[in-house]
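These notes concern the structure reproduced below.
Protein chains: 2
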Amino acid sequence: MTRTNDLLHLLNVQFPIVQAPMVGVSTPQLAAAVSNAGALGSIALGASTTQQAQEMIQATRALTDKPFNVNLFCHRPAVANPVREATWLTHLAPFFAEFGTQPPASLTESYKSFLANETMLDMLLTEQPSVVSFHFGLPPVKWIHDLHEAGITTLACATTPEEASLIEAAGVDVVIVQGVEAGGHRGVFDPKHDEAIGTFALIQLISKHSRLPIIAAGGIMDGQGIAAAMRLGAAAVQLGTAFILCPESSANAQYRAALQSERAYHTQITAAISGRPARGMVNRLFTDVDRPDVPALPDYPITYDATKALSAAANAQGNYDFAVQWAGQAASLARALPAAQLVETLVHEWHSENG
Amino acid sequence: MTRTNDLLHLLNVQFPIVQAPMVGVSTPQLAAAVSNAGALGSIALGASTTQQAQEMIQATRALTDKPFNVNLFCHRPAVANPVREATWLTHLAPFFAEFGTQPPASLTESYKSFLANETMLDMLLTEQPSVVSFHFGLPPVKWIHDLHEAGITTLACATTPEEASLIEAAGVDVVIVQGVEAGGHRGVFDPKHDEAIGTFALIQLISKHSRLPIIAAGGIMDGQGIAAAMRLGAAAVQLGTAFILCPESSANAQYRAALQSERAYHTQITAAISGRPARGMVNRLFTDVDRPDVPALPDYPITYDATKALSAAANAQGNYDFAVQWAGQAASLARALPAAQLVETLVHEWHSENG
Chain A
518 MTRTNDLLHL LNVQFPIVQA PMVGVSTPQL AAAVSNAGAL GSIALGASTT
568 QQAQEMIQAT RALTDKPFNV NLFCHRPAVA NPVREATWLT HLAPFFAEFG
618 TQPPASLTES YKSFLANETM LDMLLTEQPS VVSFHFGLPP VKWIHDLHEA
668 GITTLACATT PEEASLIEAA GVDVVIVQGV EAGGHRGVFD PKHDEAIGTF
718 ALIQLISKHS RLPIIAAGGI MDGQGIAAAM RLGAAAVQLG TAFILCPESS
768 ANAQYRAALQ SERAYHTQIT AAISGRPARG MVNRLFTDVD RPDVPALPDY
818 PITYDATKAL SAAANAQGNY DFAVQWAGQA ASLARALPAA QLVETLVHEW
868 HSENG
Chain B
518 MTRTNDLLHL LNVQFPIVQA PMVGVSTPQL AAAVSNAGAL GSIALGASTT
568 QQAQEMIQAT RALTDKPFNV NLFCHRPAVA NPVREATWLT HLAPFFAEFG
618 TQPPASLTES YKSFLANETM LDMLLTEQPS VVSFHFGLPP VKWIHDLHEA
668 GITTLACATT PEEASLIEAA GVDVVIVQGV EAGGHRGVFD PKHDEAIGTF
718 ALIQLISKHS RLPIIAAGGI MDGQGIAAAM RLGAAAVQLG TAFILCPESS
768 ANAQYRAALQ SERAYHTQIT AAISGRPARG MVNRLFTDVD RPDVPALPDY
818 PITYDATKAL SAAANAQGNY DFAVQWAGQA ASLARALPAA QLVETLVHEW
868 HSENG
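Protein chains in written order, with our numbering: chain A, 518 to 872; chain B, 518 to 872.
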């Protein structure tokens, strides 16, 4: 377990378990509980302004003196396309009509890419969280260098061996290997090109080619999964869906109920919710809003702006058929435990597997 | 490892490794070499007449006195649809034209489903191979009962927990759990409904719900993979792509070269080759013959009849852009070793992982 011990040393944590950053689900309370339990908690800053992000870091720090991870979205900044956006809103109009309302008149890019937000970098260099992770791509090499100079460890998500190579070449410290099982947004650099490689294959493919330590993600829910991922070449694991049912998450009651129902057995990937491929529990966003013949999607996250309006309109009438409920393929194995107890359980199960 | 030992006893083999049946690739020589090395070799009878199938069983038996597995296709028998078939041939015409030729005038169902071929059952009851496995669905329960009465162990492939439940309810002895990583044809019962669940998630999901022993398939290439699959709940593993480069397989030189090239890193699933979803190395069959806007596909295997004609026309001119080259997502890890040496290597690696 040299590779695991080396990574534990680098991250300065006790257990090789990362709670995945999940916009809208993870909270400072969740991250702090996980970090206080000896694993690595994460907060998701990808959809926040710099000020909100700074407040979330400070809120987390008030709850733990242990290391935690802050996650940024490095997608290509959205390009507005009023014709495409209007066409998409026309496509959505019948769904809004079901709730007696209309789509918004126009769509906005409701949050900026980290790539277009250098004040976020300045804030990170000031706050100096222990770990910063990148999703959807990479920031400029200079920024990675600056973060390292500030004593920050960097992580980036790969869905293919090619992306892992780019991550290694950019000087990032650790690669998060995200298999197709994973819930939420796929980390693909180019949203139009998703190889959809399963966790089982991807860990092996990347561990054969990359010198970076691997944090494996996608379908890992318990100690068995942790042990298996490590057999395949991972030094640590990242679990997202496994933490949604923790009381410290901000998942609402409907989302929690769905995760504990038969619906948890049926997930799909769609780009029609946000503009980028992401996996969630199948509802009408997957079967009706997305269809083989849908018009071209507005850029991420402009598409998401429309979905959020539709979800809100439906939810306001007690309808959750258009709720955004991300989940991975092994979601039915999620357990409703306080975060600290979940970490303890995972560690205990993992040690039993190796015993 | 009780579950592994129990399965070894049931299958009467020394090692918990199955060489996957692969129409057009696996041979009696490959199956016999694998079985003689202490694992379970397989021959693929799905595309054979009863007489050809019987000859293949006898040819294998002449090369080994060890148990081997024979695989049957249990898809819904094809229904001819002349309009749909003509439309598909029109879609293919420009590709045939590239090679100065025309599509066939019509398409045929070039092999029958086991479900529509009771003489195949009679032959199996006469020949009594040790193991019979089912792909694409299940035969009537009565047939499974008859095979058991003849002392034959039965296996069936599941791609979802629901399919595993049907397999268990039908009285089959062992479930083959096929993750989305796997090369070749997906075992999905209904080709229009593929959940595409990754190996890592699927082994766990099925092992939590099924009492049947699990043979895991999809992305397993070496001893690390064997150990990991067993951690997740498998009793044994099935490897297909890992055996293609064996000299005993009937893969041609172009297929072998592709598997050992960069092309092995890029696989996709398409139904446009055969009429059922299957994973192979990306070439023009995936990018040009299949497209988002293709006409409705003829039934499996009628679609395949057209592809085979196109492949032959291209190959005749030295063009392999339309060659059918199935492969799994971890194909780049395949090794060119004689089958006996590959089995020995896998066992050695697996034991090292557990040591």
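Heads up, the beta-carbon is just placed ideally off N, CA and C, and yes, glycines get one too. Note that the structure is predicted; figures quoted are calculated from it, not measured.
1. Under three-state DSSP, which class holds B/LEU528?
2. What does the alpha-carbon distance come out to for the pair A/VAL692 and B/PRO657?
3. Excluding the five sequence neighbours on either side, which residues of its own chain have a C-beta within less than 7 Å of the C-beta of A/PRO815, listed in chain order?
4. Using alpha carbons as the reference points, say which of A/ALA733, A/ARG748 and A/ALA744 lies closest to B/GLY740.
5. How far does the alpha helix (DSSP H) with B/ARG601 in it reach, from first residue to last?
6. Could you confirm whether any beta carbon from chain A is found closer than 7 Å to the beta carbon of B/GLN741?
7. Just reading off the beta strand (DSSP E) that B/GLN536 is part of, what are its end residues?
8. With a threshold of 16 other CB atoms inside 10 Å of the CB of A/VAL841, please say whether the residue is buried or exposed.
9. For the segment 730 to 766 of chain B, list the alpha helix (DSSP H) runs that are entirely contained and at least 4 residues long, ordered along the chain.
10. Taking B/PHE612 and B/VAL799 to be in contact with their CB atoms under 8 Å, please state how far apart those CB atoms are, rounded to whole angstroms.
11. Could you give the first and the last residue of the continuous alpha helix (DSSP H) run that contains B/ILE560?
12. Does the beta-carbon distance from B/ALA733 to B/ILE714 come in below 7 Å?
13. Is the Cβ-Cβ distance between A/CYS591 and A/LEU525 less than 7 Å?
14. What did DSSP end up calling B/ALA675 once you bin it into helix, strand or coil?
15. Compare the C-alpha of A/THR671 against each of A/ILE684, A/LEU580 and A/GLU680 and name the closest.
16. According to DSSP, which residues form a beta bridge with A/GLY701?
17. According to DSSP, is B/LEU624 helix, strand or coil?
18. I want to verify the contact list: residues of chain B whose CB lies under 9 Å from the CB of A/LYS725, in sequence order.
19. Kindly say whether B/ILE761, judged by its beta-carbon, lies nearer than 7 Å to any beta-carbon of chain A.
20. CA-CA distance, A/ASN769 and B/ARG773?
21. Look up A/LEU655 in the DSSP assignment and say whether it is helix, strand or coil.
22. Would you kindly work out how many angstroms separate the C-alpha atoms of B/PRO533 and A/THR824, rounded to a whole number?
23. So does the segment 835 to 850 of chain A actually touch the segment 632 to 642 of chain A, counting three or more Cβ pairs closer than 8 Å?
24. Looking at B/GLY735 and B/THR758, is the spacing between their C-beta atoms short of 7 Å?
25. Is the CB of B/PHE717 under 7 Å away from at least one CB in chain A?
26. Could you work out which residue in A/ASP810, A/GLY742, A/ALA561 and A/THR787 is closest to B/GLY750 when comparing CA atoms only?
27. Tell me the rounded alpha-carbon separation between B/PRO646 and A/THR784.
28. Return the chain-ordered list of same chain residues with a C-beta closer than 6 Å to the C-beta of B/GLN536, the five sequence neighbours on each side being excluded.
29. Excluding sequence positions up to five away, which residues of its chain have a Cβ less than 6 Å from the Cβ of B/ARG796?
30. Does B/ARG601 have its Cβ less than 7 Å from a Cβ in chain A?
31. Residues of chain B with CB under 8 Å from A/GLU870, in chain order?
32. If you run the structure through DSSP and keep just helix, strand and coil, what is B/LEU776?
33. Leaving out the 5 sequence neighbours to the left and right, which residues in its chain are closer than 6 Å to A/ALA831 when beta-carbon positions are compared?
34. Less than 7 Å separating the beta-carbons of A/ALA744 and A/ILE737?
35. Any C-beta of chain A sitting closer than 7 Å to the C-beta of B/GLY700?
36. For a cutoff of 7 Å on Cβ pairs, would you count B/GLN721 as touching chain A?
Reading it off the structure:
1. Taking the first residue of the second sequence as 1, we reach residue 528 of chain B at position 11. In this structure, B/LEU528 counts as helix in the three-state DSSP scheme.
2. Residue mapping note: residue 692 of chain A aligns to position 175 of the first sequence, counting from 1. Residue mapping note: residue 657 of chain B aligns to position 140 of the second sequence, counting from 1. Each residue's Cα considered, the two are about 49 Å apart.
3. By 1-based counting over the first sequence, the position of residue 815 of chain A is 298. Around A/PRO815: ASN598, ARG601, GLU602, TRP605, LEU624 and GLY792.
4. Residue 740 of chain B sits at position 223 when you count from the first residue of the second sequence. The candidate whose alpha carbon is nearest that of B/GLY740 is A/ARG748.
5. On the second sequence, position 84 is the one that residue 601 of chain B refers to. Looking at the DSSP string, the run of the alpha helix (DSSP H) that includes B/ARG601 is 599 to 615.
6. Counting from one through the second sequence, the residue named residue 741 of chain B turns up at place 224. Output row for B/GLN741: interface = yes.
7. Mapped onto the second sequence, residue 536 of chain B falls at position 19. Here the beta strand (DSSP E) through B/GLN536 covers 534 to 536.
8. In the first sequence, counting from the first residue as 1, residue 841 of chain A sits at position 324. Label assigned to A/VAL841: buried.
9. 740 to 749
10. Stepping through the second sequence from its first residue, residue 612 of chain B is reached at position 95. Stepping through the second sequence from its first residue, residue 799 of chain B is reached at position 282. With 8 Å as the limit, B/PHE612 and B/VAL799 do not qualify as a contact, their Cβ atoms being about 16 Å apart.
11. Within the second sequence, residue 560 of chain B is the residue found at index 43, counting from 1. First-last for B/ILE560: 558 to 561, but that is the beta strand (DSSP E), not the alpha helix (DSSP H).
12. Locating residue 733 of chain B in the second sequence gives position 216, counting from the first residue. Locating residue 714 of chain B in the second sequence gives position 197, counting from the first residue. Going by C-beta atoms, B/ALA733 is not nearer than 7 Å to B/ILE714.
13. Indexing the first sequence from 1 puts residue 591 of chain A at position 74. Indexing the first sequence from 1 puts residue 525 of chain A at position 8. No, these two residues do not count as a Cβ contact at 7 Å.
14. By 1-based counting over the second sequence, the position of residue 675 of chain B is 158. Of the three classes helix, strand and coil, the one that applies to B/ALA675 here is strand, per DSSP.
15. Residue mapping note: residue 671 of chain A aligns to position 154 of the first sequence, counting from 1. Of the candidates A/ILE684, A/LEU580 and A/GLU680, the one whose C-alpha sits nearest the C-alpha of A/THR671 is A/ILE684.
16. As a first step, residue 701 of chain A must be located in the first sequence, where it is residue number 184. Per DSSP, A/ARG796.
17. Position 107 of the second sequence, counted from the start, is the residue given in the question as residue 624 of chain B. Looking at B/LEU624 - three-state DSSP - the assignment turns out to be coil, as it is neither helix nor strand.
18. Here residue 725 of chain A is taken as the residue at index 208 of the first sequence, counted from 1. Within 9 Å Cβ-Cβ: SER849 and LEU850.
19. Along the second sequence, read from residue 1 onward, the residue named residue 761 of chain B stands at position 244. Chain A, which has no Cβ nearer than 7 Å to the Cβ of B/ILE761, makes this no.
20. On the first sequence, residue 769 of chain A is found 252 positions in, with the first residue counted as 1. On the second sequence, residue 773 of chain B is found 256 positions in, with the first residue counted as 1. Those two C-alpha atoms are separated by around 52 Å.
21. Translated into positions along the first sequence, residue 655 of chain A becomes position 138. It is coil, neither helix nor strand.
22. Walking along the second sequence from the start, residue 533 of chain B turns up at place 16. Walking along the first sequence from the start, residue 824 of chain A turns up at place 307. Taking the straight line from one Cα to the other gives about 48 Å.
23. no
24. Here residue 758 of chain B refers to the residue found at position 241 of the second sequence. Here residue 735 of chain B refers to the residue found at position 218 of the second sequence. No.
25. Residue 717 of chain B sits at position 200 when you count from the first residue of the second sequence. Yes, its Cβ sits closer than 7 Å to a Cβ of chain A.
26. Working through the second sequence from its first residue, we reach residue 750 of chain B at position 233. The candidate whose alpha carbon is nearest that of B/GLY750 is A/GLY742.
27. Taking the first residue of the second sequence as position 1, residue 646 of chain B is located at position 129. Taking the first residue of the first sequence as position 1, residue 784 of chain A is located at position 267. If I take the Cα positions, the gap works out to 39 Å.
28. Reading the second sequence from its first residue, position 19 is the one you call residue 536 of chain B. These residues qualify, in order along the chain: VAL551, GLY558, SER559 and PHE760.
29. For the purposes of this step, residue 796 of chain B is taken as the residue at position 279 of the second sequence. If we look at B/ARG796 and ignore the five residues flanking it on each side, its Cβ neighbours are GLY700, THR784 and ILE786.
30. The count along the second sequence starts at 1 and reaches residue 601 of chain B at position 84. No - not a single Cβ of chain A is within 7 Å of the one on B/ARG601.
31. The residue given as residue 870 of chain A occupies position 353 in the first sequence. Here the neighbours are ARG748.
32. Here residue 776 of chain B corresponds to residue number 259 of the second sequence, with the count starting at 1. Here B/LEU776 sits in helix by DSSP.
33. Here residue 831 of chain A refers to the residue found at position 314 of the first sequence. For A/ALA831, where only same-chain residues beyond five positions count, the Cβ hits under 6 Å are PHE616 and PHE839.
34. For the purposes of this step, residue 744 of chain A is taken as the residue at position 227 of the first sequence. For the purposes of this step, residue 737 of chain A is taken as the residue at position 220 of the first sequence. No; because the gap between Cβ atoms is not below 7 Å, this pair is not in contact.
35. Stepping through the second sequence from its first residue, residue 700 of chain B is reached at position 183. It does not; no Cβ of chain A falls within 7 Å.
36. Position 204 of the second sequence, counted from the start, is the residue given in the question as residue 721 of chain B. Chain A contact via Cβ: present.
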